[in-house]
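Enquirer:
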Amino acid sequence: MSEELERSDGKIVKMEVDYSSTVDQRLPECEKMAKEGKLQEAIESLLSLEKQTRTASDMVSTSRILVAVVQMCYEAKDWDALNENIMLLTKRRSQLKQAVAKMVQECYKYVDTVTDPPIKLRLIDTLRTVTAGKIYVEIERARLTKTLANIKEQSGEVKEAAAILQELQVETYGSMAKKEKVEFILEQMRLCIAVKDYVRTQIISKKINTKFFKEEGNEEAKLKYYNLMIHVDQHEGSYLSICKHYRAIYDTPCILEDSSKWQQALKSVVLYVILSPYDNEQSDLVHRISEDKKLEEIPKYKDLLKQFTTMELMRWAALVEDYGKELREGSPDSPATDVFASSEEGESRWKDLKNRVVEHNIRIMAKYYTRITMKRMAGLLDLSIDVKYVVKPLRVKIYIIFVTFTYSRYIHV
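Next up, the structure:
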C-alpha cells in the first residue's frame, strides 16, 4: 500500500509511479556535470526530472532531486543559483511538503558554514521567506530566526534582534521538543531585558511552566530562567519574589554540590526576605528559612535573620557595627553578595534595610505600648523627631501597624 503524501495546497495524494531507478541513474550524471562547471545544465536536467517525480507524487525521488540541486549550488559556491532555486523549487505547483522540508533541512546546514555576512544574511532571508506560514518547517524557521537575531545582536542592533525573536510563538509548536521551546523563550526574555522591556519579559516568562525544571537535565535552563527573573524583579523592587527566585536556585542539585555557590545563594535568600515588606507571606517565609540547618555554616546571616524573628527592639547603629562589614564587604571565608554593593541599587537596598529595622521596631512597640510620646518613640526608632525625616511609606506603615495591632490604642504626643 503506497504512503499518503500531502502537497503544498493541502491535498492528500498517493505515489503513482516510482522514479527511484531513474533518479539513481540521473543524479551521478548531473553531479559530474556540475563538477565540470556545467552547473546550469545539470540543474535543468534535474528540474525536468523533478517535474515528473512531483506529478507522480514520488516523494522520496522528489526529495532527492531537491536536495541534490541545492547541494550542487552550494558546492559550486554559486549563491545566486542557490537562492533562486530554493525559491523556485518551493513555489512549484503541487509541490510535496515532505520534499520541501528535506530541502530546507539541507539548506539549514549551510547557514553555519557560510562566513561572508551578506551571503549568510541573504540565505537566511531566502529560507525564512519560503518557510513563512508553513507548519511543516516551523522548527527550521524558528532556528533560522534565532540565528538572525544573534547576528543582529552581535552587530549592535539589539532592538532589531529582540523584535525579530518576538515574532516566534514557539509555545504553540507541537513538533518542537519542550527543552528547545524553553531555550527559545529564555532567549526572548534575555533580549527583552537587554532593551529594558521588563513588562514584556514578565509576560513571556509566564509561558514557561516551572515544573519543567524539576525534570532531569534541565538545571542549566532553570538557573538561567531564575537569574533572568531576578534581574526583572530587581528592576521592579520585588524583594519577596527575588527571595523566592534565589530559593529556587539554592534548591538546585548542582548548586548544593558546591559549598561556595549554595552559600552565596542562601545569603541572598536571607537578605532579600529581610528586605521584603512585612506581611503574612513574608513572615511565614522568614520562619521557614530560619529552619534551614545549612544556616549554621553562615552564622552571621543566621544571627541577622534571628534578629527579625526576636520580639526585641533593634538598634540600627548596633546592627551596622555587628553586620555592616560582613554584609557589604564580606570576609576571606565568607564573600559578600552583591545585594549591598557599592552602587546606586546597593545603596537603595541598604536604606530599605534600615526601613525594615524601623518597621520591625514599630511592630514590637505596638505589642508593648498603649501610649507613647513622639520624642520617646523617635528615640526608640533611632529617628529624628522631625516627621519629614520619615519617608511617606513608612509613616503610612506606622499608622497601619498601630491601627492593626493596638485597635483602641493611640499615640500621645
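Quick note: the sequence shown uses full-length UniProt numbering, first residue 1, plus one each step.
Where a beta carbon is used, it is the ideal one built from N, C-alpha and C, also for glycine.
Computed from a predicted structure; not experimentally measured.
1) Are the region 369-378 and the region 250-260 touching, with three or more C-beta to C-beta distances below 8 Å?
2) So the candidates are Leu191, Ser343, Glu219 and Lys97; which of them puts its Cα closest to the Cα of Cys254?
3) Looking at C-beta atoms only, is the number of pairs between the region 317-333 and the region 188-204 that lie closer than 8 Å three or more?
4) What's the gap between the Cα of Lys375 and the Cα of Asn209?
5) What residue does the alpha helix (DSSP H) around Ala142 start on, and which one ends it?
6) Take Ile242 and list the residues in its own chain whose beta-carbon comes closer than 6 Å to its own, dropping the five residues that flank it on each side.
7) Alpha helix (DSSP H) containing Gly346: first to last residue?
8) Tell me whether Ser205 sits in a helix, a strand or coil according to DSSP, three-state version.
9) Between Val111 and Leu123, how many whole angstroms is the CB-CB distance? I'm expecting something under 8 Å.
10) Is it the case that the region 54-64 contacts the region 33-40, given that we only count it when at least three CB pairs across the two stretches are under 8 Å?
11) List the endpoints of the continuous alpha helix (DSSP H) containing Thr55.
12) Rounded to the nearest angstrom, what separates Met176 and Met59 at their Cα positions?
13) Is it true that the region 174-190 meets the region 142-152, where meeting means three or more beta-carbon pairs spaced less than 8 Å apart?
14) Per DSSP, what are the beta-bridge partners of Leu319 in this structure?
15) What does the Cβ neighbour count give for Ile135, buried or exposed, with the cut at 16 atoms within 10 Å?
16) Quick check: the Cα distance between Val69 and Gly133, rounded to an integer number of angstroms?
17) What separation, rounded to the nearest whole angstrom, lies between the Cα atoms of Cys107 and Lys120?
18) Assess contact between the region 41-58 and the region 22-33, defined as three or more Cβ pairs (one per stretch) separated by less than 8 Å. Is contact present?
19) Determine the direct distance from the alpha carbon of Tyr198 to that of Pro118, and round the result to whole angstroms.
20) Find out if the Cβ-Cβ distance for the pair Thr113, Ile86 is shorter than 8 Å.
21) Spatial neighbours of Val195 within its chain, please: C-beta separation below 7 Å, excluding the five flanking residues on both sides.
22) Measuring only the C-alpha atoms, how far is Leu89 from Val100?
23) Could you tell me which residues DSSP puts in a beta bridge with Pro335?
24) Under 6 Å Cβ to Cβ from Leu327, same chain only, skipping five residues before and after it: list those, please.
25) Quick one: grab the DSSP three-state call for Leu168.
26) Hey, quick one: how far does the alpha helix (DSSP H) through Lys97 stretch, first residue to last?
27) Excluding the five sequence neighbours on either side, which residues of its own chain have a C-beta within less than 7 Å of the C-beta of Leu380, listed in chain order?
Expert: For this structure:
1) no
2) Glu219
3) no
4) 52 Å
5) Glu138 to Gln154
6) Ile230, Asp233 and Tyr272
7) Glu344 to Tyr368
8) helix
9) 6 Å
10) no
11) Leu39 to Thr55
12) 23 Å
13) yes
14) None, per the DSSP bridge assignment.
15) exposed
16) 24 Å
17) 11 Å
18) yes
19) 33 Å
20) no
21) Val158, Lys159 and Ala162
22) 8 Å
23) Gly330
24) Phe340
25) coil
26) Lys97 to Val111
27) Leu313, Asn361 and Met365
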